[in-house]
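What follows is a single structure, written as structure tokens, with notes after it.
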Amino acid sequence: MLEIKQLNVKAESKIILNNFNLTINDGEVHVLMGPNGTGKSTICKAIFNHPDYEITGKIEYDGHDLTKMTPTAISRLGLFLLNQNPVEIEGITNAELIRSALSEKNNTHIDIFKFNKRLNEICEIINLPKSFVHRDINFNMSGGEKKKNELLSLFMLEPKFIILDEIDSGLDVDALKVVGASLKKYYETYHPAILIVTHHQDILKYFPKYQVSILKDGSIIKTGNEALAQEIETTGFEANVISGSKENE
Ligand SMILES: Nc1ncnc2c1ncn2[C@@H]1O[C@H](COP(=O)(O)OP(=O)(O)OP(=O)(O)O)[C@@H](O)[C@H]1O
Ligand SMILES: [Mg+2]
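Per our numbering, residue 422 is the first one in the sequence shown, and the count goes up by one each step.
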């Protein structure tokens, strides 16, 4: 379980998140929505204790204080972040990185034949050309290719808690279907907790049940379920949440 309480996050002396609270239980799908620049990517990175951010408050995962851990140690707990803008790393291939990450995670030697077989299977599932396995991480890839390429690591590492920061942006219609269906399959097989940051409904259709939180000016101003995501898509933030939150005052 992930528990975030009274969290404040600053970068370059600017307050980005203030009194941010969010709990995500095991196996729960939680959707975070909100206007541009309100701190959605910041919370994703703050969970991983990204060095750009000054963090005060509580971020705990299964009793571990993530604010005191390195991103590598946080990954070892089974958390995985798919960044809104995946980082390009020239000189290290997908296969090299994933094999060493798997070997560290399982604390054992990874059999190369089984490893290659699994990589090929996953390429088929996510419709990624097999040649990508030996390409440098996200290097010279298109926006959509990077998102699918990151899924290769996700499927290989089998995380328990997945953060998807706009996985759907940059994907064409067909790619979105493949990615949505493969995430659905992953969810049904492993039942991870998933935090989905999105501006659109399409990716959410692959999950039958989820909670929704709306972030505005650094804190959650409204929570709900599938119906809230639908309302946002139809009426937008201004009409829905912002006037809605005033009504609640
Ligand atoms: N490392 C940083 N240094 C300075 N400012 C930052 C940093 N990271 C984020 N910000 C600022 O914090 C605010 C929130 O940024 P963030 O990327 O979290 O927004 P977002 O909700 O993900 O927006 P979008 O929907 O456009 O992706 C923005 O004003 C951004 O410029
Ligand atoms: Mg963002």
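C-beta atoms are modelled at their ideal positions from N, C-alpha and C, and glycine is treated no differently. Here the structure is a predicted model, which means the values were calculated and not measured.
Take residue i and list the residues in its own chain whose beta-carbon comes closer than 6 Å to its own, dropping the five residues that flank it on each side.
i, result
"ASN669", "At ASN669, the pLDDT of 41 sits below 50, so the modelled position is not reliable and the matter cannot be decided from this model."
"ILE617", "VAL452, LEU585"
"SER574", "ILE519"
"ASP473", "ALA432"
"LEU671", "Residue 671 is absent from the structure shown; the chain starts at 422 and stops at 670."
"LEU649", "VAL633"
For a test of your reading of the model: does the CB of residue i fall under 7 Å from any non-hydrogen atom of ligand 1? Yes or no.
i, result
"GLY458", "yes"
"SER462", "yes"
"ILE480", "no"
"LYS435", "yes"
"ALA467", "no"
"GLY448", "no"
"GLY645", "no"
"GLY564", "no"
Look up residue i in the DSSP assignment and give the residues it is bridged to.
i, result
"GLY645", "VAL633"
"ASN429", "THR477"
Any chance the CB of residue i is under 7 Å from a heavy atom of ligand 2?
i, result
"ASP638", "no"
"ASP473", "no"
"ASP589", "no"
Please list the terminal residues of the continuous alpha helix (DSSP H) segment that includes residue i.
i, result
"ALA467", "461-468"
"LEU616", "Note, LEU616: premise wrong, no alpha helix (DSSP H); beta strand (DSSP E) at 614-618."
"THR610", "594-611"
"LYS581", "First-last for LYS581: undefined, no H or E at that position."
Considering residue i, what are the terminal residues of the beta strand (DSSP E) in which it resides?
i, result
"VAL450", "450-454"
"LYS567", "Looking at the DSSP string, LYS567 is not in any beta strand (DSSP E); the run it does join, the alpha helix (DSSP H), is 564-578."
"PHE560", "Element bounds for PHE560: n/a, residue is neither H nor E."
"THR514", "510-514"
Ordered along the chain, which non-local residues of its own chain (more than five positions away) have a Cβ less than 8 Å from that of residue i?
i, result
"LYS479", "GLU424, ILE425, LYS426, GLN427, LEU428, ASP486, THR488"
"GLU647", "LEU625, LYS630, TYR631, VAL633"
"ASN622", "In the sequence as displayed, the identity of residue 622 is Gln instead of Asn. Same-chain partners within the cutoff: ALA650, GLN651, GLU654."
"ALA467", "LEU428, VAL430, LEU438, TYR474, ILE476, ILE480"
Excluding the 5 residues preceding and the 5 following residue i in the sequence, name in chain order all residues of the same chain whose CB lies nearer than 7 Å to its CB.
i, result
"PHE536", "ARG520"
"GLY665", "Low local confidence applies: a pLDDT of 47 at GLY665 is under 50, so the model's placement there is unreliable, with the coordinate-based value given in what follows. Cβ neighbours of GLY665 beyond the five flanking positions: LYS643."
"ASP593", "GLY565"
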